[in-house]
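Per our numbering: the sequence shown = residues 16 to 429.
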Amino acid sequence: MDEIETPPFFLCPISFQIMKEPVTTVTGITYDRESIEKWLLKAKICVCPVTNQSLPRAREYLTPNHTLQRLIKAWISSNEAKGVGDDQISSPKSPINRIHLQKLVKNLEVPHCYQASMEKIHDLAKQGERNRTCMVEVGVTKAMVMVIKKNFKEGNTNGLEEALKIIRLLWHEAMIKNKIKHLIRENMDFINSLTWILKIHVDNKNINMVNEVMPLLKLTIDVVDSTLLGNLNIEFFREIVRVIRKRGLISKQAIKSALHVLVDACPLGINRTKIVEAGGVTELVELELEKPEKNITELVFNLLAHLCSCAEGREQFLRHAAGLAMISKRILRVSAATDDLAIQVISVIAKYSTSKEIVLEMLRVGTVSKLCMVMQADCASYLKVKARDILRLHSTSWNNSPCIQVYLLTRHQR
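(1) Which residues bound the alpha helix (DSSP H) around residue 39?
(2) I need the straight-line Cα distance from residue 398 to residue 47, nearest angstrom please.
(3) Find the nearest neighbour of residue 393 within the set 112, 407, 347, 181, judged by alpha-carbon distance.
(4) Mapping DSSP to helix, strand and coil, what is residue 15?
(5) Under 8 Å by Cβ, that's how I've got residue 277 and residue 318 pegged, so tell me the actual separation to the nearest angstrom.
(6) Classify residue 369 as buried or exposed, calling it buried when 16 or more other Cβ atoms lie within 10 Å of its own Cβ.
(7) Give the C-beta separation of residue 3 and residue 289 to the nearest angstrom, bearing in mind that I take them to be a contact with Cβ-Cβ under 8 Å.
(8) Could you check where the alpha helix (DSSP H) with residue 129 kicks off and where it finishes?
(9) Determine the closest residue to residue 328 out of 406, 63, 305, 300, with distance taken between C-alpha atoms.
(10) Ignoring anything shorter than 4 residues or poking outside the stretch 160-204, list the alpha helix (DSSP H) runs there in chain order.
(11) Can you tell me whether DSSP reads residue 33 as helix, strand or coil?
(12) When you compare only the Cα positions, how much space is there between residue 143 and residue 325?
(13) DSSP three-state label for residue 65, please.
(14) Kindly list the residues whose CB is nearer than 8 Å to the CB of residue 174, restricted to its own chain and excluding five residues on each side of it in sequence; keep chain order.
(15) Does the distance from the C-beta atom of residue 298 to that of residue 260 stay below 7 Å?
(16) Which partner residues does residue 243 have in the DSSP bridge list?
(17) Are residue 37 and residue 86 touching if we call contact CB-CB under 7 Å?
(18) Have a look at the DSSP bridge pairing and note the partners of residue 77.
(19) Could you check the C-alpha separation between residue 334 and residue 296 for me, to the nearest Å?
(20) Enumerate in chain order the residues of its own chain whose CB-to-CB distance from residue 362 is below 8 Å, with the five nearest sequence positions on each side excluded.
(21) Nearer than 6 Å: is that true of the beta carbon of residue 352 relative to any heavy atom of the ligand SAH?
(22) Pick out whichever of 415, 79, 62, 66 has its Cα sitting closest to the Cα of residue 72.
(23) Would you kindly report the start and end of the unbroken beta strand (DSSP E) that includes residue 45?
(24) On the DSSP bridge list, what partners appear for residue 26?
(25) For residue 416, which of helix, strand or coil comes out of DSSP?
(26) Does the Cβ-Cβ distance between residue 119 and residue 153 come in under 7 Å?
(27) Check each candidate in 150, 29, 247 and name the one with the smallest Cα separation from residue 187.
(28) Using a Cβ-Cβ cutoff of less than 6 Å, which residues in the same chain neighbour residue 139 once the five nearest sequence positions on both sides are dropped?
(29) Keeping to the same chain, check which residues put their C-beta closer than 7 Å to that of residue 350; ignore five residues upstream and five downstream.
(30) Would you decide whether residue 89 is buried or exposed? Buried here means 16 or more other CB atoms lie within 10 Å of its CB.
(31) What is the DSSP secondary structure of residue 368, reduced to helix, strand or coil?
(32) So is residue 354 buried or exposed if we call it buried at 16+ other beta carbons inside 10 Å?
(33) Just to confirm before moving on: does the CB-CB distance between residue 217 and residue 257 stay below 7 Å?
(34) For residue 41, which option in 199, 202, 51, 241 has the closest C-alpha, if you only look at C-alpha atoms?
(35) Between residue 189 and residue 20, what straight-line distance do the alpha-carbon atoms span, to the nearest angstrom?
(36) When we look at the beta-carbon of residue 338 and count the other beta-carbons within 10 Å, is it buried (16 or more) or exposed?
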């Protein structure tokens, strides 16, 4: 196909793409509506990107450029045979009707209108940032939080999927306008509602719903009050661990979200104990044995370093037949962050889990040889110091190890 030269005045000065809905600002410059509205929403100093003249933020000052719209459509039609398609342009959309939207929210309280209203709100939320911003201003975010909490109290799952999807679509705009933090950050009911949804859909093997609720739970934990983190109960952690256990069925995004939730909860000692009680250490080792991608490995090792700082965590880690071997094998193979966390785990085990069997196990599965490799590898000096300190802890037990002898010989020759 011959290369088609697009008329430059068809391109948005911000996105440099063919304009789908050209609008003209008070400075006389035409932009694609989505691009200029995003600019006006996020810019600290509201000026025209081309002329640098001051611009009002209100959408009412953006005038649809119907003439340019018709020219673009005509050009696309005339070049259709050359590969330019109608999907590159769309008809201008009318601004969302706030009164209609408010009526849809009100109809959520009417049983026979509930499902249709929920589906319509979801469709509107998918149509663009302009709609989502308006929906946040009208109070749709609050309405969805209330729907989820009400369904939890009544044990009703009708419309839950749409409610979850709508909140996720609105989350960014709701955070910008500070319209969601106050609804959830000091409110355990919302977390309990999401945990309940997670439980029933893991039980029913409804993986789509698990994939939907888990990222929302992560977003929620990111912003909740620290007091709430300390009040998370054991059932909450059991459900998160169950998500990790179902990793063969569940999306990577949901698994990452589950790991992030545990990482956010870990700084509190009481939560570390609950995660261990829920079987978290065992499932983390099992997950890592499947050799996941780098960012998942780093999350897993971050969690293991936290959990092995308590006696219960170390005990569960050592009960797993492959725990020590797995963490030793991954050193010097993933990232510097993973090396640091792995050596933290080995260090606390060498200090506090000092039975003869464990010390000999570290020698047998290659932990000692890997520490010797760290001492000679091109890595951070503080890691070498940590490795050396661990080797010194049980030097009498490991002194006859061939790798120790090779290391000592190499150091002597230097």
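Where is the CB? At the ideal position from N, CA and C, for every residue including glycine.
Note that this is a predicted model, so its numbers are computed, not measured.
From the atom records:
(1) Here residue 39 corresponds to residue number 24 of the sequence shown, with the count starting at 1. That residue, residue 39, is in no alpha helix (DSSP H); its beta strand (DSSP E) goes 37-39.
(2) Along the sequence shown, read from residue 1 onward, the residue named residue 398 stands at position 383. Along the sequence shown, read from residue 1 onward, the residue named residue 47 stands at position 32. So the alpha carbons of these two residues sit roughly 53 Å apart.
(3) Position 378 of the sequence shown, counting from 1, holds the residue named residue 393. Nearest option by C-alpha distance: 347.
(4) For residue 15 there is no data in the structure shown, the boundaries of the chain being 16 and 429.
(5) Against the sequence shown, residue 277 aligns to sequence position 262. Against the sequence shown, residue 318 aligns to sequence position 303. Indeed they touch by this definition, with Cβ atoms about 6 Å apart.
(6) Numbered from 1 along the sequence shown, position 354 holds the residue referred to as residue 369. Exposed, because fewer than 16 other Cβ atoms sit within 10 Å of the Cβ of residue 369.
(7) Since the first and last residues shown for the chain are 16 and 429, residue 3 lies out of range.
(8) In the sequence shown, counting from the first residue as 1, residue 129 sits at position 114. Residues 126-141.
(9) Taking the sequence shown and counting its residues from 1, the one referred to as residue 328 is at position 313. The shortest Cα separation from residue 328 among 406, 63, 305, 300 belongs to 300.
(10) 175-191, 196-199
(11) Here residue 33 refers to the residue found at position 18 of the sequence shown. In the structure shown, residue 33 sits in a strand (DSSP, three-state: E or B).
(12) Here residue 143 is taken as the residue at index 128 of the sequence shown, counted from 1. Here residue 325 is taken as the residue at index 310 of the sequence shown, counted from 1. So the alpha carbons of these two residues sit roughly 48 Å apart.
(13) Taking the sequence shown and counting its residues from 1, one reaches residue 65 at position 50. Here residue 65 sits in coil by DSSP.
(14) Here residue 174 is taken as the residue at index 159 of the sequence shown, counted from 1. Cβ neighbours of residue 174 beyond the five flanking positions: 129, 130, 133, 162, 166.
(15) Here residue 298 refers to the residue found at position 283 of the sequence shown. Here residue 260 refers to the residue found at position 245 of the sequence shown. Taking 7 Å as the Cβ cut-off, residue 298 and residue 260 qualify as a contacting pair.
(16) Here residue 243 is taken as the residue at index 228 of the sequence shown, counted from 1. According to DSSP, which records beta bridges pairwise, residue 243 is partnered with nothing at all.
(17) Here residue 37 refers to the residue found at position 22 when the sequence shown is read from its first residue. Here residue 86 refers to the residue found at position 71 when the sequence shown is read from its first residue. Not a contact, by the Cβ cut-off of 7 Å.
(18) Residue numbering aside, residue 77 sits at position 62 when the sequence shown is read from its first letter. Note: residue 77 sits in no beta bridge, so no partner.
(19) Counting from one through the sequence shown, the residue named residue 334 turns up at place 319. Counting from one through the sequence shown, the residue named residue 296 turns up at place 281. In a straight line, the C-alpha of residue 334 is about 10 Å away from that of residue 296.
(20) Within the sequence shown, residue 362 is the residue found at index 347, counting from 1. Closer than 8 Å at the Cβ level, and outside the excluded window around residue 362, lie 401, 404, 405.
(21) Ligands displayed in this structure: none; no statement on the ligand SAH is therefore possible.
(22) Residue numbering aside, residue 72 sits at position 57 when the sequence shown is read from its first letter. Ranking 415, 79, 62, 66 by Cα distance to residue 72 puts 62 first.
(23) What you label residue 45 is simply residue 30 of the sequence shown in a count that begins at 1. Counting along the chain, the beta strand (DSSP E) containing residue 45 begins and ends at 45-47.
(24) Working through the sequence shown from its first residue, we reach residue 26 at position 11. DSSP lists 33 as partners of residue 26.
(25) As a working note, residue 416 is residue 401 in the sequence shown. Coil.
(26) In the sequence shown, the residue the question calls residue 119 occupies position 104. In the sequence shown, the residue the question calls residue 153 occupies position 138. No. Outside cutoff.
(27) Sequence index remark: in the sequence shown, residue 187 carries index 172 (1-based). When each option's Cα is compared against that of residue 187, the closest is 150.
(28) Within the sequence shown, the letter at position 124 stands for residue 139. Contacts found: 146.
(29) Against the sequence shown, residue 350 aligns to sequence position 335. Excluding positions up to five away in sequence, the list reads 309, 313.
(30) Stepping through the sequence shown from its first residue, residue 89 is reached at position 74. Residue 89 comes out exposed.
(31) In the sequence shown, the residue the question calls residue 368 occupies position 353. The answer is coil: DSSP assigns residue 368 none of H, G, I, E or B.
(32) Along the sequence shown, read from residue 1 onward, the residue named residue 354 stands at position 339. Burial call: buried.
(33) Translated into positions along the sequence shown, residue 217 becomes position 202. Translated into positions along the sequence shown, residue 257 becomes position 242. For the pair residue 217 and residue 257, the CB atoms are nearer than the 7 Å cut-off.
(34) Sequence index remark: in the sequence shown, residue 41 carries index 26 (1-based). Among 199, 202, 51, 241, the Cα nearest to that of residue 41 belongs to 51.
(35) Your numbering for residue 189 matches position 174 in the sequence shown. Your numbering for residue 20 matches position 5 in the sequence shown. Cα to Cα, residue 189 sits roughly 40 Å from residue 20.
(36) Residue numbering aside, residue 338 sits at position 323 when the sequence shown is read from its first letter. Buried is the call here.
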